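For the sequence shown, the residue numbers in our numbering are 35 to 315.
Some notes on the structure that comes next.
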Amino acid sequence: MPQTPLSEKLRLKLVEKVRGVFNDVEGGEKPVPPSEEALFEKDTPIRMVHADIVAMMVGGIRGLLLQMLHPHALQGVLDHSNFRSDMHGRLRRTARFIAVTSFGHRDDAKAAIERVNRIHAAVGGTLPDGNTYSATDPRVLAWVHVAEATSFLAAYMRHVRPDMPGGEQDEYYRQFAVIARALGADPVPTDRREAEAIFRELRADLRTSPEAREIADLVLSQRPQGAPPAVQAMLGAEAVALLPPFARSMLGLERPGLAALPARAATWGMGKTLRWAFRQG
């Protein structure tokens, strides 16, 4: 009986390790299998961008940091989330939602969207200034979406395809808009120009606060079980480097200087290794 080559054993071990970080293995959770009947066709921009693990991790951190600058989104997390005690669990659930809606069967994707909408319907409260907030507010959902979409795409282009054609970038926004609209977001960008315009418009809603800075510190210092601390620090440094200057200032973060160059090189190398492990090229 032929033995499995050492390189293949290493590849399978790496795949198992990464899946353990993104799935609740102890709870019996398994990776989302790609479906031929997904919301989006195979090899289209949204599936290519969301398939790259490193770009999604960097983009996910950047997106979350941006989202916490919106006082309504921040208060929702503070009032209705166990973020502080189970940050990894929250991030893992977000990653799974992205995976199901991008790659899973369309029925599973729609069920996941409906589940999130039900959760959002029960999330609301009062802001420190006395005004009320609701997780179903279309404009708040719009910021959550545009923060995610611009972050995922920025990280993908930085680490995977710097020369990604403009038409494919626009198609990414058109595809991701399907999910955002189903979640009740409005306005929703359908191309690069609209994404930039909506980002600028919604920036006026953002506020800095000690709580936003606290969440940023928690996000950047998290140590997911099974992930080497150095890896998380490297991903965090890349996410901070990708933030707009105004966001770094509001969160009290400094742009990584020359020390960030090794992190970027290491992130690129890790991405190449993971794409090999998951047979992504």
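Note that the Cβ used here is the ideal one computed from N, Cα and C, for glycine as well.
If you're wondering where the values come from, they're calculated on a predicted model, not measured in any experiment.
DSSP state of histidine 104 mapped onto helix, strand, coil: Histidine 104 falls in the coil class under three-state DSSP.
contact_flag[the stretch 223–237, the stretch 91–99] where n(CB pairs < 8 Å) is 3 or more: Segments in contact, no.
Residues sharing a beta bridge with glycine 158, DSSP: Answer is Ser168.
Beta-carbon contacts of leucine 217 that lie in its chain and below 8 Å, excluding the five residues immediately before and after: Result list for leucine 217: Ile147, Val150, Asn151, His154, Leu175, His179, in chain order.
Simplified DSSP state of alanine 219, which is helix, strand or coil: Annotated three-state conformation of alanine 219 is coil, per DSSP.
At least 3 beta-carbon pairs within less than 8 Å: the stretch 128–143 vs the stretch 80–93: They touch, by the three-pair rule.
Contact set for threonine 242: own chain, Cβ-Cβ below 6 Å, skip 5 residues either direction: Short of 6 Å from the beta carbon of threonine 242, and not among the five residues preceding or following it, lie these beta carbons of its own chain, in chain order: Met284.
Top-ranked residue by Cα proximity to leucine 73, from Lys144, Ala231, Ala273, Val253: Closest by C-alpha distance to leucine 73, out of Lys144, Ala231, Ala273, Val253, is Lys144.
Alanine 72 beta carbon near the ligand ADP (any heavy atom closer than 7 Å): This structure does not include the ligand ADP; it has no bound ligands of any sort.
Nearest residue (CA-CA) to alanine 267, options Leu252, Pro278, Ala281, Phe280: With distances taken between Cα atoms, alanine 267 lies closest to Leu252.
CB contact flag (tyrosine 207, aspartate 220, <8 Å): In this structure, the beta-carbon distance from tyrosine 207 to aspartate 220 does not fall below 8 Å.
Neighbour flag for proline 199 against chain D, beta carbons, 8 Å: Among the protein chains of the structure shown there is no chain D, as only one such chain exists.
Segment limits, alpha helix (DSSP H) that includes proline 65: Taken as a continuous stretch (DSSP letters only), proline 65 belongs to no alpha helix (DSSP H), as it is neither H nor E.
The stretch 153–168 contacting the stretch 209–216, beta-carbon criterion three pairs below 8 Å: Fewer than three beta-carbon pairs drawn from the stretch 153–168 and the stretch 209–216 are found closer than 8 Å, and the two stretches are therefore not classed as touching.
Assigned exposure category for phenylalanine 199 - 16 Cβ within 10 Å defines buried: For the sequence presented, residue 199 should be read as proline rather than phenylalanine. The residue is exposed, with fewer than 16 neighbouring Cβ atoms inside 10 Å.
Whether leucine 100 touches alanine 281 by CB criterion (8 Å): Against a cut-off of 8 Å, the Cβ pair of alanine 281 and leucine 100 comes out as a contact.
C-beta contact flag for glutamate 202 and valine 92 at 8 Å: Between glutamate 202 and valine 92, the C-beta spacing is not below 8 Å.
Residues that DSSP places opposite histidine 139 in a beta bridge: DSSP output for histidine 139 lists Ala72 as bridge partner(s).
The alpha helix (DSSP H) enclosing serine 237, as first and last residue numbers: According to the sequence provided, residue 237 is arginine. The question's serine does not apply to it. Note, arginine 237: premise wrong, no alpha helix (DSSP H); not H, not E.
Methionine 268, DSSP secondary structure in three states: If DSSP states are grouped into helix, strand and coil, methionine 268 belongs with the helices.
Alanine 156, buried or exposed, once every other Cβ within 10 Å from all chains shown has been counted against 16: With fewer than 16 other Cβ atoms inside 10 Å of its own Cβ, alanine 156 counts as exposed.
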